[in-house]
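Below: one structure, written as structure tokens.
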Amino acid sequence: MALSGSSMALSISTGSPQGCVLSPLLYTLFTHDCTPAHHSNTIIKFADDITVAGPISGEDEFTYKDEVEWMTVWCKENNLLFNTSKTKKLSSKTKTTAEQKEHKGSSQFCQFYSDETDERKIELFGRSVSHYVWRKSNTAFQKKNIIPTVKYGGGSVMVWGCFAASGPGRLTVINGTMNSAVYQKILKENVRPSVCDLKLKQTWVLQQNNDPKHTSKSTSEWLKKNKMKTKS
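Take the sequence shown: its letters are residues 1 to 232, numbered as in full-length UniProt numbering.
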């Protein structure tokens, strides 16, 4: 790649250069043999990230651990190193029959959320974050390298929303400052209608984060009075 004239040739023995149109094709070719050793496992590849997913039956983790060991060998053979600081293990578990009886219908447990979307500010014009562009020298003010802006950011709107495994619930615009009283009003007008719209069972649980207006004394008393089970 050169901005003007010709650049020096450079031999690459591993990896693929960033910003090159051939990089996706080269990545596909370089990793074509990175496939699961066990049919029950799945390897998900995207750019420089790899995810190994596999089921664990009972306490038998052999196939999953063997897959991770195979991945380690594959990386060594291809001159790649794991970034251990960014490598994490995530486990999820389905409830047993006894646990289901304890929760009385756990298939609906934690299925209704107000936490994932929660209150969210949406900027009306662009995004107030830094942007970077690749450009030639002395072209900073060319139209193609400039992102339009609006004085004071163009304003924003705050919304509250919720969703369940069966789909999205209601979305409402928040006027003014969000506090415990406003939050309780939003719950009163939107939670139960959303539960009805989504046809959730009576065992639904409202999940919210630990924001002060969610955990304040008045909100806790309101939730208890209105018989809404919560999970933080």
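For glycine and all other residues, C-beta sits at the position ideal for the given N, C-alpha and C. Because the structure is a prediction, the values reported are computed rather than measured.
- Within the region 139 to 200, the complete beta strand (DSSP E) runs of at least 3 residues fall at 156 to 164 and 167 to 174.
- The beta carbon of SER216 is closer than 8 Å to those of SER180 in its chain, skipping five residues each way along the sequence.
- Sixteen is the threshold: since fewer than 16 other Cβ atoms of the shown chains lie within 10 Å of the Cβ of TRP134, the residue is exposed.
- In the DSSP assignment, VAL52 falls within the beta strand (DSSP E) that extends over 49 to 53.
- C-alpha of LYS231 to C-alpha of THR172: approximately 22 Å in a straight line.
- If you draw a straight line from the Cα of PRO36 to the Cα of GLN184, it is about 49 Å long.
- Around the beta carbon of LEU206, 16 or more other beta carbons lie within 10 angstroms, which makes this residue buried.
- Counted as a single uninterrupted DSSP element, the stretch harbouring THR42 is not any alpha helix (DSSP H) but the beta strand (DSSP E) occupying residues 42 to 46.
- Taking ASP197 as the centre and dropping the five residues before and after it, the same chain places the C-beta of GLY169 and ARG170 closer than 8 Å to its C-beta, in chain order.
- Counting along the chain, PRO24 sits inside the alpha helix (DSSP H) bounded by residues 23 to 30.
- In this structure the region 53 to 67 lies against the region 37 to 45, because at least three pairs of beta carbons, one per stretch, are closer than 8 Å.
- A direct Cα-to-Cα measurement between LYS86 and TYR27 gives close to 21 Å.
- Going by C-alpha positions, ASN190 is about 9 Å away from CYS162.
- Where MET71 is concerned, the enclosing alpha helix (DSSP H) starts and stops at 62 to 77.
- In the DSSP assignment, THR215 falls within the unbroken alpha helix (DSSP H) covering 212 to 215.
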